[in-house]
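Residue numbers (this note's numbering), protein chains in the order written: chain V, 1 to 273; chain A, 274 to 546. Just so you know, even glycine gets a beta-carbon here, dropped at the ideal spot from N, CA and C. The next block holds one structure in the form of structure tokens; read it before the comments.
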């Protein structure tokens, strides 16, 4: 299958270089000529939204997405309302930072009732849509690997994310496909095709064998078993030609020098994605 | 929802008390008046098949299943043939031990080609069915949690296991539903109903938050977030009234005294399953 010919679509998801602050991450992208960056809210908060925007803009970078909104289900009405407030702030930040994609990590159930939590997620997205639309921001539902169902998100397959997204207009709500979360799914390729017109992002890393850690065990592309190129081609065949984020939670990668990490990412991106 | 009124259907899956040998596990069941036991092949091998059979039979225990056949995909034809040989031995052992259920943990791909591995699993089961039938043994496809897709099984949802089982006669091939592996699945209850007439086992443990370990992190029933009773009722509504295996991979449980472990299992089984 054909390789990517250049890094025009490569985006550094900021969590991949979590030890770098906003300025350092931006400078690494510039030196590596990586044209896109995906921002995380805790990093944006550190630098401030206005300063983050200035740093990114002055560097000529484009922002592929802001991570993350979501975490909708809560044990009390007050807590749920607080989380909706926080999601509205996330929408405002996305707009101010110049991206039209807010990634949603929808959150776990506060108790054993996963069905109710899923219902809450759907209602919360419906509530958030008009606000997001008015800010020019789309909501990207990212299904998370089932191993995170109890701790991070009750949305765990692309089929489920598609069903949820299809309740809304394509202009408002889509899906974000992260290879690490969905690679195992027997329905993957049918669901990628089903997502046509709603794919708001494609994220890459790899699944290492054996898995070293539930959260921090993602691998550099090429170090694991995911058919990254096949999936990228399928996402493209379904109409997505936007940025491809490299999002790796891995302490070894975090411990690398930023410039070395970017160099390795570029090499692996061209070789494996 | 209604509780189980007694422990008539309770089965000790032998991995739950992995530090006990065959004789010790059998004796613990007898003292606890647990009527069923599920055997693992490495334990059977330690004691010998004939001696295992004698111990179980003399104690008046019934064997709910033998774990496990499977691990079909292999890198070479020779290795694949060797695994088929081993599966035939597993069928023979199941028959000799007096159970009609051989649990299949289908195995990972030897490379990145998960589709091919899945095809191999289907072909291997087709090859094994006549042999198993002639021994009065049913093959129970157990979907494993997607986090084990790269290391233990490429069969990762109940939908997938149902589709695979449906290629065969109900008398020959069914599914084994383990709460730990499937609890997160948005399609779970529809797929349990779909499995009607093919459910060959129901296994319980719990999903602890946060997950302490990928393999050894299963919890005692009641210590986690799984709706075990709801799932048991659904499995019953789909026609299954057979043994319920308690299968817990957890070092703390392994470190317990056998009698204390069985006492706790009985208590939690009646309270939570």
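**Report entry** Contact set between the segment 158-173 of chain V and chain A, restricted to residues whose Cβ is under 9 Å from the partner
**Finding:** 159, 160 and 163
Query raised in the report: What residue does the alpha helix (DSSP H) around residue 532/A start on, and which one ends it?
Result: Going by DSSP, residue 532/A is part of the alpha helix (DSSP H) stretching over 531-545.
Query - Whole runs of the beta strand (DSSP E) within the segment 116-144 of chain V, excluding any shorter than 3 residues - result: As far as the segment 116-144 of chain V is concerned, its whole beta strand (DSSP E) runs of at least 3 residues are 138-141.
Query raised in the report: Looking at the C-beta of residue 487/A, does it have a partner C-beta in chain V at a distance below 9 Å?
Result: By the rule that beta-carbons nearer than 9 Å mark a contact, residue 487/A touches chain V.
Report task. Pair every Cβ in the segment 497-506 of chain A with every Cβ in the segment 468-487 of chain A, then say whether three or more of these pairs are closer than 8 Å. Result -> yes
Query raised in the report: Which one or two residues does DSSP pair with residue 102/V in a beta bridge?
Result: 66/V and 139/V
Query raised in the report: Quick check: the segment 142-152 of chain V against the segment 165-178 of chain V, are there 3 or more CB pairs under 8 Å?
Result: yes
Query raised in the report: Near residue 287/A, which residues of its chain fall below 7 Å by C-beta distance, leaving aside the five closest residues on each side in sequence?
Result: 298, 310, 311, 312, 313 and 316
Query raised in the report: Roughly how many whole angstroms lie between the Cα atoms of residue 350/A and residue 341/A?
Result: 21 Å
Requested in this report: Determine the direct distance from the alpha carbon of residue 99/V to that of residue 461/A, and round the result to whole angstroms.
Outcome: 36 Å
Query - Expected contact under 8 Å - CB spacing of residue 467/A and residue 429/A to nearest Å - result: Wrong, their Cβ atoms sit about 16 Å apart, outside the cutoff.
Requested in this report: Can you tell me which of the three DSSP states residue 177/V falls into?
Outcome: The answer is strand: DSSP assigns residue 177/V an E or B state.
Query - Members of the segment 205-229 of chain V that neighbour chain A once the beta carbon cut-off is set at 8 Å - result: 207, 209, 210, 211, 214, 224, 225, 226 and 227
Query raised in the report: Going along the chain, which residues of its own chain have a beta-carbon closer than 8 Å to the beta-carbon of residue 438/A, five neighbours each way excluded?
Result: 414, 446, 447, 448, 468 and 471
Query raised in the report: Who are the neighbours of residue 150/V on chain A, taking C-beta pairs under 7 Å?
Result: When 7 Å is used as the limit between beta carbons, residue 150/V is near these residues of chain A: 480, 482 and 498, in chain order.
Requested in this report: Please classify residue 513/A: does DSSP put it in a helix, a strand, or coil?
Outcome: In the structure shown, the three-state DSSP call for residue 513/A is coil.
Requested in this report: Assess, as a yes-or-no matter, whether the segment 315-330 of chain A is touched by the segment 374-393 of chain A under the definition of 3 or more beta carbon pairs within less than 8 Å.
Outcome: no
Report task. To the nearest angstrom, report how far apart residue 12/V and residue 406/A are at their CA atoms. Result -> 55 Å
Query raised in the report: For residue 185/V, which option in 546/A, 490/A and 421/A has the closest C-alpha, if you only look at C-alpha atoms?
Result: That would be 421/A, whose Cα lies nearest to the Cα of residue 185/V.
Query - residue 171/V versus residue 101/V: straight-line alpha-carbon distance, rounded - result: Between the alpha carbons of residue 171/V and residue 101/V lies a distance of about 11 Å.
Requested in this report: For residue 145/V, go through chain A and note every residue whose CB falls closer than 9 Å to its CB, in chain order.
Outcome: 419 and 420
Query raised in the report: Skipping 5 residues on each side, what residues in its chain have a beta carbon closer than 8 Å to that of residue 492/A?
Result: These residues qualify, in order along the chain: 478, 479, 480, 481, 521 and 523.
Query raised in the report: Which residues in chain V sit within 9 Å of residue 527/A, going by Cβ to Cβ distance?
Result: By Cβ distance, chain V contributes nothing, its closest Cβ being about 20 Å from residue 527/A, past 9 Å.
Requested in this report: Give the residues of chain A in contact with residue 112/V, contact being defined as C-beta atoms less than 8 Å apart.
Outcome: 498, 499 and 500
Query raised in the report: Which of helix, strand or coil does DSSP assign to residue 40/V?
Result: strand
Query raised in the report: Nearest-angstrom Cα distance between residue 21/V and residue 124/V?
Result: 31 Å
**Report entry** Status (buried if at least 16 other CB within 10 Å, exposed otherwise) for residue 87/V
**Finding:** buried
Query raised in the report: Short check: CB of residue 109/V to CB of residue 117/V, under 9 Å?
Result: yes
Query raised in the report: Where do the ends of the alpha helix (DSSP H) carrying residue 465/A lie?
Result: 461-467
Query raised in the report: For residue 9/V versus residue 241/V, is the C-beta spacing smaller than 9 Å?
Result: A contact, by the Cβ cut-off of 9 Å.
Query raised in the report: Which residue or residues does DSSP assign as beta-bridge partners of residue 472/A?
Result: 448/A
Query raised in the report: Using a C-beta cutoff of 9 Å, does residue 459/A count as contacting chain V?
Result: With respect to chain V, the C-beta atom of residue 459/A has a partner C-beta closer than 9 Å.
Query raised in the report: Is residue 465/A near residue 307/A, with beta carbons less than 9 Å apart?
Result: Result no, Cβ atoms of residue 465/A and residue 307/A do not sit closer than 9 Å.
**Report entry** Listed by chain order, chain A residues near residue 156/V by CB distance under 9 Å
**Finding:** 419, 457, 458 and 459
Requested in this report: Pick out whichever of 541/A, 543/A and 533/A has its Cα sitting closest to the Cα of residue 300/A.
Outcome: Comparing Cα-Cα distances from residue 300/A to each of 541/A, 543/A and 533/A, the minimum goes to 533/A.
**Report entry** Cβ-Cβ separation, residue 484/A to residue 517/A (assumed contact under 8 Å), whole Å
**Finding:** Not confirmed; about 23 Å, so no contact.
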